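Q: When the letters of the sequence shown are read in order and numbered with this note's numbering, they come out as residues 874 to 1143.
The C-beta atom is built at its ideal place from N, Cα and C for all residues, glycine as well.
Note that this is a predicted model, so its numbers are computed, not measured.
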Amino acid sequence: MKRHFLILTLFASTFSLRAAENVTTTDSDWKGYTKQSFDFEGHKAFVVVPKEAAAGKPWVWRTSFPDFHAEVDLALVKDGFHIAHVDVVSMLGCDESLAIMDRFSDQVRQQWALAAKAALEGVSRGGLHAYRYAATRPDRVACIYADTPVMELKSWPLKHPKAKGPLADALKFYGFADEAALIAYGGDPLDLLEPIAKAKIPLRHVISSNDLVVPAEENTLEAKRRLEKFGWEMDLLIVDPATTINEGHHFPLVGIAESVAFIKKHAAGQ
């Protein structure tokens, strides 16, 4: 089943950029830059435009919570990156959300003339979108920068007592009949690391050592171990001493300059 899923989605990603009419946008301010917001298939979306675009028009695609830990994005937009986001966060990276993301990518690449590959940024549950998208559409991804990312539904939301709403979302959007079906599912990011390693997509995570919401051992550290078996690595920054904010899941962002350099190295000039 997992192999069948991958073949279908990888085949879908080979289609060329579809023609699309320009969407109507509304301008507002985002930290001194123009944020062009619009409706995309019923989902809130936006593109932040730099004062002067960098060569090749590189861009960052925030898959979740675009205003949380935005320091990296602010530094990048100052250096000519566009910042894009479409809000499908509640869909938790299900197949339907990935299809919406495909069409969103087509739209912004055409309308704003952006680079073919985006730097994906996944915060928390946005890791589901970033990794499932990259595993099945590697030709559209320059790199992944992730902040405390969810790598397995069986870890979050299933195990976290405060995530009943997201658990209901997972059952709904993935079409699971019950929790047993979620547990048996073989399409989580942890299950899809081989194509990411094969495509040599650069990876960087920033996590907390005592995250009780998205435990490091079950998510990032397990991903790191599996990637190494496939001959690939991730750039990993662990916040320690550990934070106590939001059960260890939030912390003042660290390694900003290094994260900016990572994205610029792998996404600029794509």
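Quick check on I1074: does DSSP put it in helix, strand or coil?
A: I1074 falls in the coil class under three-state DSSP.
Q: Is DSSP giving A918 helix, strand or coil here?
A: Three-state result, A918: strand.
Q: So, using beta-carbon positions, are H958 and A1019 closer together than 9 Å?
A: Their beta carbons are not under 9 Å apart, which means H958 does not touch A1019 by this criterion.
Q: Between which residues of its own chain and V1112 is the CB-CB distance below 8 Å, once the five residues before and five after are set aside?
A: V1079, I1080, S1081, S1082, F1124, V1127.
Q: At the level of alpha carbons, what is the spacing between R1148 and K904?
A: This structure cannot settle anything about residue 1148, because the visible part of the chain is limited to 874 through 1143.
Q: Considering only residues of the same chain and omitting the five flanking positions on each side of W1105, which have a CB-CB separation below 6 Å?
A: For W1105, where only same-chain residues beyond five positions count, the Cβ hits under 6 Å are A1070.
Q: If you draw a straight line from the alpha carbon of A1130 to that of S937, how long is it in whole angstroms?
A: Computed Cα separation, rounded: 21 Å.
Q: DSSP puts C1016 in a beta bridge; with which residues?
A: Per DSSP, A992.
Q: Classify R998: buried if its beta carbon has 16 or more other beta carbons within 10 angstroms, exposed otherwise.
A: Counting Cβ neighbours within 10 Å, R998 comes out buried, since at least 16 surround it.
Q: CB-CB under 8 Å to L971, same chain, minus the five flanking residues each way: which ones, in chain order?
A: For L971, where only same-chain residues beyond five positions count, the Cβ hits under 8 Å are T882, H1002, R1005, Y1006, T1009, R1010.
Q: Which runs of the beta strand (DSSP E) fall wholly inside the region 916-973 and span at least 3 residues, in chain order?
A: The region 916-973 contains these whole beta strand (DSSP E) runs: 916-922, 932-935, 955-959.
Q: Starting from T907, follow the beta strand (DSSP E) in both directions and report where the run begins and ends.
A: Element bounds for T907: 906-913.
Q: When burial is assigned at 16 or more other CB atoms within 10 Å of the CB, is E925 buried or exposed?
A: Classification of E925: exposed, given that the 10 Å Cβ count is below 16.
Q: Relative to the alpha-carbon of D912, which residue among G966, D952, A943, I973 has its alpha-carbon at the smallest distance?
A: Ranking the options by Cα distance to D912, first place goes to I973.
Q: What do you reckon, is the C-beta of D960 under 8 Å from a heavy atom of the ligand MG?
A: The ligand MG is absent from the structure shown, which contains no ligand whatsoever.
Q: Please name the residue in L1076, G953, D1064, E894 whose C-alpha comes closest to that of R976.
A: It is E894 whose Cα lies nearest to the Cα of R976.
Q: What is the C-beta distance between L1026 and D1051, in whole angstroms, given that I count them as a contact (C-beta under 8 Å)?
A: The Cβ separation is near 13 Å, so there is no contact.
Q: Identify, in the order they occur along the chain, each residue of the same chain with its Cβ nearer than 8 Å to the Cβ of A1140, setting aside the five sequence neighbours on each side.
A: If we look at A1140 and ignore the five residues flanking it on each side, its Cβ neighbours are P931, W932, V933, F954, A988, K990, A991, A992, A1015, C1016.
Q: State buried or exposed for F1135, treating a residue as buried only when at least 16 other CB atoms are found within 10 Å of its CB.
A: Buried: at least 16 other Cβ atoms inside 10 Å.
Q: Could you pull the start and end residues of the alpha helix (DSSP H) that L987 belongs to?
A: Note, L987: premise wrong, no alpha helix (DSSP H); not H, not E.
Q: Tell me which same chain residues have a C-beta within less than 6 Å of the C-beta of L1065, skipping the five on either side of it?
A: So the qualifying residues of the chain are A1008.
Q: Could you have a look at V896 and say whether DSSP puts it in helix, strand or coil?
A: In this structure, V896 counts as coil in the three-state DSSP scheme.
Q: Considering only the alpha carbon of each residue, which of S963, W985, L965, A927 lies closest to F1146?
A: Given that the chain is displayed from residue 874 to residue 1143, the structure contains no residue 1146 and the question cannot be resolved.
Q: Report the three-state DSSP secondary structure of D1051 (helix, strand or coil).
A: Three-state result, D1051: coil.
Q: In angstroms with no decimal places, state the Cα-to-Cα distance between T1021 and P1030.
A: Each residue's alpha carbon lies about 14 Å from the other.
Q: Would you report the Cα separation of K1138 and G1121, rounded to the nearest angstrom?
A: Straight-line Cα distance between these residues: approximately 30 Å.
Q: In terms of DSSP beta bridges, what is D902 paired with?
A: T907, per the DSSP bridge assignment.
Q: For S910 and T898, which I take to be in contact (beta-carbon distance under 8 Å), what is that distance rounded to the nearest angstrom?
A: The Cβ separation is near 6 Å, so the contact holds.
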